[in-house]
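Visitor: Numbering (the numbering used here), first residue to last: 89 to 147. Just passing along the structure, written as structure tokens.
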């Protein structure tokens, strides 16, 4: 199962073989029901800059 915010992303997720669930990380009213029954959640909803850029932060 994969969380998708838009119809387009849900379609892509399903083409890749996963079940898409439409919800928002910022809306507990949609997120809680979407995650019902899940035994584990892997949160990859962030962008981590490459080490070369991270070192420049605040320089």
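Using N, Cα and C, we set each Cβ at its ideal position, and we do this for glycine too.
(1) Strictly by DSSP, which residues pair up with residue 92?
(2) What whole-angstrom Cβ distance do residue 123 and residue 106 have, given they're in contact under 8 Å?
(3) Starting from residue 116, trace the alpha helix (DSSP H) in both directions and tell me its first and last residue.
(4) With DSSP as the reference, label residue 100 as helix, strand or coil.
(5) If we call anything under 8 Å between Cβ atoms a contact, is residue 98 one with residue 108?
Guide: Straight from the coordinates:
(1) The count along the chain shown starts at 1 and reaches residue 92 at position 4. Beta-bridge pairing links residue 92 to 110.
(2) The residue given as residue 123 occupies position 35 in the chain shown. The residue given as residue 106 occupies position 18 in the chain shown. Contact flag wrong, Cβ pair sits at about 14 Å.
(3) For the purposes of this step, residue 116 is taken as the residue at position 28 of the chain shown. 116-123 is the extent of the alpha helix (DSSP H) around residue 116.
(4) Along the chain shown, read from residue 1 onward, the residue named residue 100 stands at position 12. The answer is helix: DSSP assigns residue 100 an H, G or I state.
(5) Your numbering for residue 98 matches position 10 in the chain shown. Your numbering for residue 108 matches position 20 in the chain shown. In contact: residue 98 and residue 108 (Cβ atoms closer than 8 Å).
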